[in-house]
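In numbering that gives the first Met the number 0, the protein residues as written are 0 to 398.
Accompanying notes for the structure given below.
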Amino acid sequence: MLPSHFSLPLPYRLLDYFGGKLEALGFPIVSLDQKSLLRRAEQITGLSDFGDPYYQEGLSVLLHSIEKDAQLRFFGKLVIRIVIINYLTQRLLFIQAKKKIPKNIQGGLQEPFIITGIHRSGTTFLLRMLSMDPQHEGIPFWRLYRPFSIPGRIDLRRIRSAVELSILRPVFRNIDAKHVIRGEKPEESAWMMGLTFYSIVYWILAPVSSYVEWLLNVDMSKYYQDYSSLLQFHQKALPGKSMVLKAPDHTPDMDMLLSEVPNARVIQLHRDPTTCVISLSSLFYSTHAAMTEDIQAKGMCEVNKRMAAHFIRANKEARQDEDINRSIFDIEYEDLIDDPIGTVKGIYHYFNVPWSDEFDICLREFIKKQLKRNQKRHNYLPEQFGQVRQELDAFFDAL
């Protein structure tokens, strides 16, 4: 089993130690009180309308889960407060933008590619390959995390994201071997959807297990309404181009996704779920280790196992609808890895997308670089998370 505690690098450890001591003495340096978080977002933007109050349930469940489940160290509380205030700020700006320029969200999307499949099934690799095509564009992390700038102020979103990621990278152990995240690289749309407070992004960052359990059983219809509106704003910034997006958390909700984005070109990746769950747990172990005093590796893996099972069951149910099933192009992970160019050509053929020599050159160069990067391998074993492969295989085979 992996260790339940890690020390932070020295500068972070000092911040964590002295911050924790001051809080123990009664100085409320990092408040995670809902009213204070809302008030801070209002102060930053000068706005007060958060829109449809459905988001409040998710925020309330999240804050309760942070208190009950997460056992955050001072550094973790500081990070999660910054993240929550960012998303509350973005929610205020989102609602203001919808009111101020409603025509921006009335036009149609240009047939976006939307990649899904359970986490760790190759979605990032495919996202970044398709984004190489000049006629398409992936959305970089900095624009997903902060879709809106504050009117009247210098737009520092790109710089802020680069600084924030560089600060976090040293404390997220071996993160680049598991998932390379940079401000300029296309990322998954969960980072955009944090402003709904119905997003898996909070589980990526911290061990909020009861929040995840709630998220797997909640009505996501309003989440998808906001998703569609946010895509319209991103489309406005990319005239003449089709967006390339990826979100494993779409896997159980194909019906709602295609209801709100009916012209989406959906691609679903398939990989052995046991491998996916252990790989995902290894990734989250790196992030949770920076945030919490007590990493429950086995419990975290159990939550990821239940999440994957929910995704698989709900996906099978949604795809009983033949119209939904026809809208989705399926890819096996092994085919993607063994023949990435042939796989992309298959996607283009299925959706009748023209292939260009320029894209071919860009794609081959990207794959070469990717193969070189993959020499730094991500190693993980079920036993590190208190699991037995044969038992996990049997569990998923029974679904």
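Idealized CB from N, CA, C, for every residue including glycine.
In this text, all values refer to a predicted model and were calculated from it rather than measured experimentally.
Going straight from the alpha carbon of residue i to that of residue j, what length do you get?
i: R305; j: L214; result: 12 Å
i: F93; j: L229; result: 8 Å
i: D392; j: L1; result: 21 Å
i: F196; j: Q386; result: 31 Å
i: P381; j: E390; result: 10 Å
i: L167; j: N173; result: 12 Å
i: I366; j: N85; result: 34 Å
i: G151; j: Q42; result: 15 Å
i: L24; j: F17; result: 11 Å
i: N103; j: Y226; result: At N103, the pLDDT of 48 sits below 50, so the modelled position is not reliable and the matter cannot be decided from this model.
i: V265; j: K98; result: 30 Å
i: D252; j: V162; result: 34 Å
i: E321; j: I327; result: 10 Å
i: L268; j: G57; result: 28 Å
i: K177; j: E333; result: 18 Å
i: G19; j: P8; result: 16 Å
i: D356; j: N324; result: 31 Å
i: S30; j: H63; result: 13 Å
i: F394; j: R270; result: 15 Å
i: G137; j: P238; result: 13 Å
i: C433; j: I100; result: It is not possible to answer for residue 433, since the shown part of the chain is limited to 0 through 398.
i: L257; j: G345; result: 21 Å
Excluding sequence positions up to five away, which residues of its chain have a Cβ less than 7 Å from the Cβ of residue i?
i: L362; result: M128, M131, I340, V343
i: Y11; result: F74, V170
i: L279; result: H118, R119, N303
i: D15; result: L7, R72, F73, F74
i: A40; result: I84, L87, T88, L91
i: V217; result: Y197
Sorted by chain position, which residues of the same chain lie with C-beta nearer than 6 Å to residue i's C-beta, five sequence neighbours on each side aside?
i: L125; result: I114
i: L46; result: L91, Q95
i: K221; result: Y53
i: E183; result: P139
i: N262; result: E110
i: D329; result: Q267
i: D396; result: none
i: G121; result: L268, Y332, L335
Determine the extent of the beta strand (DSSP E) in which residue i is found, giving its start and end residues.
i: D329; result: 327 to 331
i: V243; result: 241 to 245
Does the distance from the C-beta atom of residue i to that of residue j stay below 8 Å?
i: D48; j: Q89; result: no
i: I158; j: I311; result: no
i: S281; j: Y379; result: yes
i: A205; j: T291; result: yes
i: T313; j: A246; result: Just to set this straight, residue 313 is Ala in the shown sequence, not Thr. Cβ distance not < 8 Å, so A313 and A246 don't count as in contact.
i: N303; j: V260; result: no
i: H233; j: M242; result: yes
i: Q134; j: K240; result: yes
i: I149; j: T44; result: yes
i: I199; j: D248; result: yes
For residue i, does the three-state DSSP call read helix, strand or coil?
i: E136; result: strand
i: R270; result: coil
i: F112; result: strand
i: L1; result: coil
i: V265; result: strand
i: L71; result: strand
i: P169; result: helix
i: P185; result: strand
i: N378; result: coil
First and last residue of the alpha helix (DSSP H) that includes residue i?
i: M253; result: 253 to 259
i: I405; result: For the chain, the structure presents residues 0 to 398; residue 405 sits outside this window and is missing.
i: S148; result: Note, S148: premise wrong, no alpha helix (DSSP H); not H, not E.
i: V200; result: 200 to 204
i: A393; result: 388 to 396
i: P339; result: 339 to 349
i: D175; result: 174 to 177
i: V60; result: 54 to 64
i: W213; result: 208 to 214
i: D15; result: 9 to 23
i: F232; result: 220 to 235
i: R39; result: 33 to 44
i: T122; result: 122 to 129
Between which residues of its own chain and residue i is the CB-CB distance below 8 Å, once the five residues before and five after are set aside?
i: L61; result: I83, F196, Y201, V207, Y210
i: I294; result: L1, P2, S3, H4, F5, P206, Y284, H287, A288
i: D51; result: K221
i: I360; result: none
i: L37; result: F49, L87
i: D68; result: P206, V207, S208, S209, Y210
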